[in-house]
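Residue 160 in my numbering sits at position 175 of the sequence shown, with consecutive numbering throughout. In this text, a Cβ means the ideal position worked out from N, Cα and C, and glycines have one as well. Here the structure is a predicted model, which is why all the values come from computation and not from measurement. Right, one structure below, let's go through it.
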Amino acid sequence: MKHKNKLFYIIFCLAIFTVIGETKEMNGNNENQRNQIDEAIRMEHKEITNMNSIPSNYLLDCPQSGTIKTIVYDSKDYTNDNSTITKKANIYLPYNYDKSKKYSVLFLLHGIGGTEDEWGMCGNASRVKKMMDNLIYNKKIEPFIIVTPNGRSCKDCYNISFDNAPSFYNFGKEFRNDLLPYIQK
């Protein structure tokens, strides 16, 4: 009986030491993982900080200049009564835009609502336009289209009051049902 108790005690102690050892090892790994994550965040922040300055030559007028247009498309007031409404979006078309050619499209959506002008893509003086023109001209990127819509899906889409917040949440319906098909045609 004493031998069984001793054996049980030894096995119990080994189990406890094993669990403690694994826990320390796991905590060490967690600490190591945390350090790696912290380092990755620091490096990413450093890269972002370095990217904040745009080379001045990319903000100059370009000899091969694209265009920014305002498009108008039919949609619905997905927030209130589903009535037909007319919406605007700004669109950047690269130099020598060809309707018969397929282009990639970047939709710049404001984080919470926002109008078609909030990305600064309005008119020929637009920094976005100048950067795109120069990036394409210098063959840093392939030509593509940029669309900046009004992110509120209702008749009163320029109303920025909190009462109009549901129109932002309904914009996904407008995007899928109306804007995307309009751009794809």
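Item, Value
"Residue from Lys73, Gln169, Ser146 and Arg112 whose Cα sits closest to the Cα of serine 41", "Arg112"
"Residue interval of the alpha helix (DSSP H) (run including lysine 87)", "Lysine 87 -> no alpha helix (DSSP H), and no H or E assigned at all."
"Pairwise C-alpha distance: isoleucine 145 and threonine 55", "21 Å"
"Neighbourhood of glutamate 24 by C-beta, 7 Å cutoff - its chain only, sequence neighbours within 5 removed", "none"
"Nearest-angstrom beta carbon gap, isoleucine 53 and asparagine 75 [assumed within contact, 8 Å]", "6 Å"
"Delimiting residues of the alpha helix (DSSP H) encompassing aspartate 59", "Aspartate 59 -> not in any alpha helix (DSSP H); beta strand (DSSP E) instead, spanning 52 to 61."
"Rounded distance between the beta-carbons of serine 152 and threonine 71, thought under 8 Å", "At roughly 15 Å, the Cβ-Cβ gap does not stay under 8 Å, so threonine 71 and serine 152 are not in contact."
"Residue(s) in a DSSP beta bridge with asparagine 75", "Thr55 and Thr133"
"Buried/exposed call for glycine 96, threshold 16 Cβ in 10 Å", "exposed"
"CA nearest to the CA of asparagine 81, picked from Ser60, Asn119, Gly157 and Pro128", "Pro128"
"Neighbour-count burial assignment, proline 48, 16 or more Cβ in a 10 Å radius", "exposed"
"Residues bridged to isoleucine 39 (per DSSP)", "According to DSSP, which records beta bridges pairwise, isoleucine 39 is partnered with nothing at all."
"Per DSSP, the bridge partner or partners of threonine 69", "Lys61"
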